[in-house]
């Protein structure tokens, strides 16, 4: 890790996110904004440095090149996928596992440097640079649907169309992260919205509503 004083600050003031951002996070956020405005290929490292309020040499302290910044942006969008990979074959209640995956997905999107809808628009406009975005999303859909099917097989969930339910769950999460960005961007509100999305999804599936409360309690223990 470095320190915040590396290099001399130039250009635009830094923009804060949910909490105080490190220079690395500020660089990724600045790059995301420029990729959205000008495109990945047309965005230079020097432009990213200016947008982040850093000197170009300071940016190179954190990232070797523009490709590494793009990878960091994609990796940030991968946190809920990593959670789903860990939990899909884990032991325990499918309701608890599904709750945790949805909760992490909302927290990830709310704390990301770019609105999910905007990131999706950028990815669709530049599919060669952002091909991992789409493969990751498809895998997340598949894993969530798999957990739902496990819940159905165990008798914990109602018999539903797992694919359609997954689509609805992700749409709710994506809509709530958008709402988060329109209002006060603080950690408490972010967590409230994440719990809202997860509890709504699980409540729509479980046969025993007490599973929702226990799933939330289990998720809160991990915060």
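Numbering (our numbering), first residue to last: 14 to 236.
Glycine is no exception: its CB is placed at the ideal position from the N, C-alpha and C atoms.
Environment of residue i [buried if 16+ CB atoms lie within 10 Å]
i           : result
residue 140 : exposed
residue 116 : buried
residue 120 : buried
residue 104 : exposed
residue 124 : buried
residue 190 : buried
residue 35  : exposed
residue 83  : buried
residue 235 : exposed
residue 223 : exposed
residue 38  : buried
residue 200 : exposed
Candidates the options: closest to residue i by CA position
i           : options           : result
residue 148 : 224, 94, 122      : 94
residue 58  : 50, 40, 49        : 40
residue 164 : 92, 70, 106, 188  : 106
residue 12  : 160, 227, 101     : No answer is possible for residue 12: it lies beyond the span of the chain, which begins at 14 and ends at 236.
residue 88  : 218, 150, 100     : 150
residue 152 : 91, 130, 78       : 91
residue 81  : 224, 222, 61      : 61
residue 207 : 111, 158, 55      : 111
residue 173 : 138, 217, 118     : 217
residue 227 : 44, 67, 36, 108   : 108
residue 127 : 55, 114, 193      : 193
residue 132 : 180, 47, 96       : 47
residue 134 : 162, 36, 166, 53  : 53
residue 42  : 64, 56, 51, 55    : 64
residue 220 : 197, 72, 179, 171 : 171
residue 137 : 231, 49, 38, 229  : 49
residue 144 : 181, 86, 178, 114 : 86
residue 179 : 154, 51, 167      : 154
residue 232 : 114, 68, 45       : 114
residue 102 : 225, 162, 202     : 162
residue 100 : 76, 69, 158, 67   : 158
residue 122 : 225, 229, 203     : 203
residue 156 : 195, 97, 55       : 97
residue 182 : 198, 118, 196     : 118
Element boundaries [alpha helix (DSSP H), containing residue i]
i           : result
residue 94  : 92-100
residue 118 : 107-124
residue 36  : 36-51
residue 60  : 58-65
residue 183 : 175-195
residue 86  : 79-89
residue 72  : 69-75
residue 138 : 129-138
Beta-bridge partners of residue i, as assigned by DSSP
i           : result
residue 170 : 219
So, does the stretch 209-222 touch the stretch 176-191, judging by three or more C-beta pairs under 8 Å?
Output reads yes: the stretch 176-191 touches the stretch 209-222.
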